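Structure first, commentary second.
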Amino acid sequence: MLETAASLREPHRVCRYLEDLAGDYHRFYDSCRVLPQGDEQPTDLHTARLALCQATRQVIANGLAIIGVTAPERM
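Residues 5 to 79 (this note's numbering) make up the sequence shown, in order.
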């Protein structure tokens, strides 16, 4: 996606990708419990979901940096 956006000189493709990724992440976070609740012990599934959250955060941060946008540390 990044190579295509650069070669075609269409930076909006990066923005669209980040928007789609954020929407997909929002749907995931709304439908899946990422962290254990109460006295529940963390499982491998919780660990995998948390890793997915962290990876998504990094991809969005990198994408925003590429297009020159800063984001708050927390929302």
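C-beta: ideal position from N, C-alpha, C; glycine also.
Only a predicted model underlies this, so the values are computations on that prediction, with no experimental measurement involved.
In the DSSP assignment, D34 falls within the alpha helix (DSSP H) that extends over 16 to 35. Nearest C-alpha to C19 among L49, M5, S35: M5. Boundaries of the alpha helix (DSSP H) around Q62: 48 to 70.
Taken through DSSP and simplified to helix, strand or coil, E77 comes out as coil. When only Cα atoms are considered, E14 and F32 end up about 28 Å apart. Residue burial annotation: L22 is buried, with at least 16 other C-beta atoms found within 10 angstroms of its C-beta.
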